[in-house]
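Student: Just passing along the structure, written as structure tokens.
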Amino acid sequence: MRIRECAGRGEHEAMNDSAIKDIKGWPWLVLLPVIGFVLVGIFAPIIMPYDPSAQDYSATLEGVSWSHWLGTDYLGRDVLSRIVGGARISLVAMVIVLVAALAIGVTIGSFAGYVGGRVELVLISLIDIALALPSLVIALALIGILGTGYWSMITALTLAWWANYARISRAVVTAELQQPYIEAARVMGAGHLWIFVRHILPHVLALVVVYASADAGALVLAIATLSFLGLGVAPPTPEWGQMLVDGMSYIEEVPRLVVLPGLALTLVVVSFNLLGEAFALQKVPRPVRGRTLRKRKLARAREETERNAVETGTTSA
Numbered sequence: 008m009r010i011r012e013c014a015g016r017g018e019h020e021a022m023n024d025s026a027i028k029d030i031k032g033w034p035w036l037v038l039l040p041v042i043g044f045v046l047v048g049i050f051a052p053i054i055m056p057y058d059p060s061a062q063d064y065s066a067t068l069e070g071v072s073w074s075h076w077l078g079t080d081y082l083g084r085d086v087l088s089r090i091v092g093g094a095r096i097s098l099v100a101m102v103i104v105l106v107a108a109l110a111i112g113v114t115i116g117s118f119a120g121y122v123g124g125r126v127e128l129v130l131i132s133l134i135d136i137a138l139a140l141p142s143l144v145i146a147l148a149l150i151g152i153l154g155t156g157y158w159s160m161i162t163a164l165t166l167a168w169w170a171n172y173a174r175i176s177r178a179v180v181t182a183e184l185q186q187p188y189i190e191a192a193r194v195m196g197a198g199h200l201w202i203f204v205r206h207i208l209p210h211v212l213a214l215v216v217v218y219a220s221a222d223a224g225a226l227v228l229a230i231a232t233l234s235f236l237g238l239g240v241a242p243p244t245p246e247w248g249q250m251l252v253d254g255m256s257y258i259e260e261v262p263r264l265v266v267l268p269g270l271a272l273t274l275v276v277v278s279f280n281l282l283g284e285a286f287a288l289q290k291v292p293r294p295v296r297g298r299t300l301r302k303r304k305l306a307r308a309r310e311e312t313e314r315n316a317v318e319t320g321t322t323s324a
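First residue of the sequence shown? That's 8 in my numbering, and the numbers climb one at a time after it.
Set out below in structure tokens:
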């Protein structure tokens with residue numbers, strides 16, 4: 008029985024190793040739709056053939072044609088232009104929320120981990136409270152307080168997303184403070200700010216960026232969800248969630264009004280999720296001039312210790 012369990016465990020580990028090897032080949036594949044989404048969002052004003060909000064009642068619900076590659080909606084608006092414009096809205100909102108949430112989370116988490124004591128206990132309690140509910144539920148509650156609209160959505164999502172980055176940052180800082188090169192830096196007279204910025208912050212950012220790459224897809228979906236519920240981007244601004252709402256009334260007559268923005272949203276969200284998963288599996292310390300950052304710091308600390316020992320021996324002699 009024990010041999011069978013060991014054999015089963017071995018097969019399971021082999022399957023996991025095989026799956027991981029397969030997943031490690033994903034980044035270059037899933038990068039294509041991610042890069043496409045970013046480029047479309049950046050160059051949307053150039054790519055859009057029409058004003059995405061311009062209405063043409065003489066061309067309502069037109070099919071695919073040379074003048075309208077993906078047809079028009081019930082107000083005669085070009086569907087391709089609205090999908091491209093929606094990509095831009097989602098990209099800008101996602102970047103703003105991620106940058107703001109990372110800044111808040113890394114600052115609070117790193118401060119808690121570095122200072123310790125009662126300050127850490129208070130901040131950990133705050134982080135635990137923020138993590139007690141799903142991010143989207145918190146965002147909905149905050150929008151109920153702040154009101155609907157684009158910037159209210161941005162603020163609500165930022166305040167709902169920072170806590171996980173704070174938790175990760177605090178854990179990394181706490182672990183790094185136990186490393187010998189930190190003690191060596193203190194012995195050499197390095198200040199707290201220098202130690203944090205030079206030795207600890209790179210490790211914090213290396214890990215939270217991996218999580219942020221996976222959160223990008225969840226944020227795009229959250230933005231579309233809030234707009235779908237009428238709490239985010241207001242019409243006639245093109246946004247994928249709003250396009251789904253507009254197309255629901257015509258889903259039987261013109262299903263592409265729902266299918267096309269739905270496909271765009273699905274492709275982007277799945278690609279970001281797979282990219283974050285692949286990055287997490289391939290998470291390796293970044294090499295710096297042939298050595299990892301940590302190895303280089305340990306080597307410096309070791310060299311400094313040996314140099315001090317030699318100087319002490321020379322002085323004694």
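The C-beta atom is built at its ideal place from N, Cα and C for all residues, glycine as well.
Sorted by chain position, which residues of the same chain lie with C-beta nearer than 7 Å to A163's C-beta, five sequence neighbours on each side aside?
Tutor: Cβ within range, chain order: A146, L149, I150 and L153.
Student: In angstroms, rounded to a whole number, what distance separates the CA positions of Y81 and A61?
Tutor: Going by the C-alpha atoms only, they are around 12 Å apart.
Student: Please list the segments of the alpha helix (DSSP H) lying wholly inside the segment 176 to 256, counting only runs of 4 or more residues, in order along the chain.
Tutor: You should have 187 to 194, 199 to 202, 208 to 235 and 247 to 255.
Student: Just the C-alpha distance for A137 and V266, rounded to the nearest angstrom, thanks.
Tutor: The alpha-carbon atoms of A137 and V266 are separated by roughly 35 Å.
Student: Using C-beta distances below 7 Å, list every residue in its chain close to A119, excluding the 5 sequence neighbours before and after it, in chain order.
Tutor: If we look at A119 and ignore the five residues flanking it on each side, its Cβ neighbours are V126, E127, L130, I131 and R177.
Student: By Cβ distance below 8 Å, which residues in the same chain neighbour I121 in space, the five residues on each side in sequence not counted?
Tutor: Looking at the sequence shown, residue 121 is not Ile but Tyr. Taken in chain order, the residues that qualify are V180, L184, H199, F203 and I207.
Student: Since S88 and P59 should fall inside the 8 Å C-beta cutoff, what is the C-beta to C-beta distance between them, to a whole number of angstroms?
Tutor: Sure, about 4 Å apart at Cβ, within 8 Å.
Student: Ends of the alpha helix (DSSP H) at M101?
Tutor: Per DSSP, M101 belongs to the alpha helix (DSSP H) from V86 to V122.
Student: One question on the structure: do R174 and G116 come within less than 8 Å of each other, judged by their Cβ atoms?
Tutor: The answer is yes: Cβ separation under 8 Å.
Student: Whole angstroms is fine: what's the gap from G156's alpha carbon to A241's?
Tutor: Rounded to whole angstroms, G156 to A241 spans 6 Å at the Cα level.
Student: Quickly, what does DSSP pair T79 with across the bridge? List them, please.
Tutor: Answer is D85, bridged to T79.
Student: What separation, rounded to the nearest whole angstrom, lies between the Cα atoms of G123 and L109?
Tutor: The alpha-carbon atoms of G123 and L109 are separated by roughly 21 Å.
Student: Determine contact between the segment 274 to 284 and the segment 223 to 231, defined as no fewer than three beta-carbon pairs at a distance below 8 Å.
Tutor: Contact between the segment 274 to 284 and the segment 223 to 231 is present, because at least three Cβ pairs lie under 8 Å.
Student: When we look at the beta-carbon of V86 and count the other beta-carbons within 10 Å, is it buried (16 or more) or exposed?
Tutor: That one is buried.
Student: Can E246 and G70 be called in contact, C-beta distance under 8 Å?
Tutor: No, they are not a contact pair.
Student: Candidates I134, Y57 and L264: which alpha carbon is nearest L68's?
Tutor: Nearest of I134, Y57 and L264 to L68, Cα basis: L264.
Student: Taking just the CA atoms, how far does T114 sit from L272?
Tutor: Cα-Cα distance, rounded: 31 Å.
Student: What number of angstroms, rounded off, separates the C-alpha of D29 from the C-alpha of D222?
Tutor: Caution is warranted here: a pLDDT of 48 is assigned to D29, below 50, making its placement in the model unreliable, and the coordinate value is therefore given only provisionally. So the two alpha carbons sit approximately 22 Å from each other.
Student: Look up M160 in the DSSP assignment and say whether it is helix, strand or coil.
Tutor: M160: helix per DSSP, three-state reduction.
Student: Can you have a look at D326 and say buried or exposed, based on whether 16 or more other CB atoms are within 10 angstroms of its CB?
Tutor: Any answer about residue 326 is impossible in this case: the structure gives the chain only from 8 up to 324.
Student: Buried or exposed for A182, please, with buried defined as at least 16 other CB atoms from any protein chain shown within 10 angstroms of its CB.
Tutor: Its Cβ having fewer than 16 others within 10 Å, A182 is exposed.
Student: In whole angstroms, what is the alpha-carbon distance linking M55 and P243?
Tutor: Those two C-alpha atoms are separated by around 16 Å.
Student: Measuring straight from C-alpha to C-alpha, what distance separates V102 and M250?
Tutor: Roughly 21 Å separates the two Cα atoms.
Student: Counting only the same chain and skipping the five closest in sequence on each side, list residues whose C-beta sits under 6 Å from that of S72.
Tutor: Nothing meets the Cβ criterion.
Student: Secondary structure at F50, three-state DSSP: helix, strand or coil?
Tutor: F50 falls in the coil class under three-state DSSP.
Student: Since L98 and V45 are thought to touch, with beta carbons under 8 Å apart, how far apart are those beta carbons, to the nearest angstrom?
Tutor: Rounded, the Cβ-Cβ distance is 6 Å, consistent with contact.
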